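> This structure is in structure tokens; I'll ask about it shortly.
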Amino acid sequence: LDHLLHPNYLLVRLRELRENAPLRLVLLLVDSEAPEKPILQVLQLAMAHECTLLLGWSVVEIARQIETLRAYAKKSAETLQQRSEGSFNAQLAEVLTTSRLVNKTDVATLQSTFGSLARMMNATENELSLCPGLGPTKVRRLIDAFNEP
1 LDHLLHPNYL LVRLRELREN APLRLVLLLV DSEAPEKPIL QVLQLAMAHE
51 CTLLLGWSVV EIARQIETLR AYAKKSAETL QQRSEGSFNA QLAEVLTTSR
101 LVNKTDVATL QSTFGSLARM MNATENELSL CPGLGPTKVR RLIDAFNEP
């Protein structure tokens, strides 16, 4: 994550973006041992500048994302929205597993235990640690992620 070495670079680049651009993306190559904090920092910058953040854990993965974006460049918004729609539970599982906080089994456990994202985010460390499969490291990462601004 070059963001760790040059934290102001992305901010400068985002400020240079045209306001009327139809699609504003930030592609982030995650190559750090502990990426949670820098990912959240980049996410905050992207959201503040109304950009979509795409993550990749290898150059090949980022290249595939660019290829996919180019392939869909001429498609209508309706076509793309139909493909991306899914149940809330599926979307929640995708978000939590993509950020490498937990695995899909953990997501299922969290969903069945807490029932909603709000209750999950408001759970105490003790409540989270009672979930099977969630050890101290996963619990700490979840709490940190849920409490980041």
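Here UniProt numbering is used: the first residue of the sequence shown is 1, the next is one more, and so on. Don't be surprised by glycine CBs; every beta carbon is placed ideally from N, CA and C. In this text, all values refer to a predicted model and were calculated from it rather than measured experimentally.
1) Tell me, please, whether the stretch 101 to 110 touches the stretch 135 to 143 by the rule of three or more beta-carbon pairs shorter than 8 Å.
2) Just to confirm my understanding: we take PHE114, look at its own chain, exclude 5 residues before and 5 after, and list those with CB closer than 7 Å. What are they?
3) On the DSSP letters alone, give me the boundaries of the alpha helix (DSSP H) that VAL59 sits inside.
4) Do the stretch 61 to 75 and the stretch 34 to 41 meet, that is, are 3 or more Cβ pairs less than 8 Å apart?
5) THR97 and CYS131 - do their beta-carbons sit closer together than 8 Å?
6) At what residue ranges does the stretch 97 to 123 contain a whole run of the alpha helix (DSSP H), taking only runs of 4 or more?
7) Excluding sequence positions up to five away, which residues of its chain have a Cβ less than 8 Å from the Cβ of PRO7?
8) Below 8 Å CB to CB, which residues in the same chain sit around ILE143 once its five sequence neighbours on both sides are set aside?
9) Per the DSSP calculation, VAL26 is bridged to which residue(s)?
10) Alpha carbon to alpha carbon, what distance is there between LEU10 and ASP31?
11) Could you check which residue in SER76, LEU23, ALA34 has the C-alpha nearest to that of LEU54?
12) So what's LEU142 in DSSP terms, helix, strand or just coil?
Concretely, from the data shown:
1) yes
2) MET120, ALA123
3) Segment 59 to 71, the alpha helix (DSSP H) holding VAL59.
4) Here the stretch 61 to 75 does not lie against the stretch 34 to 41, with fewer than 3 beta-carbon pairs under 8 Å apart.
5) Cβ atoms of CYS131 and THR97: not closer than 8 Å.
6) 104 to 114, 117 to 122
7) Excluding residues within five positions, the ones whose Cβ falls inside 8 Å are GLN41.
8) GLU125, LEU128
9) LEU53
10) 16 Å
11) Selected option, being the one with the closest Cα: LEU23.
12) helix
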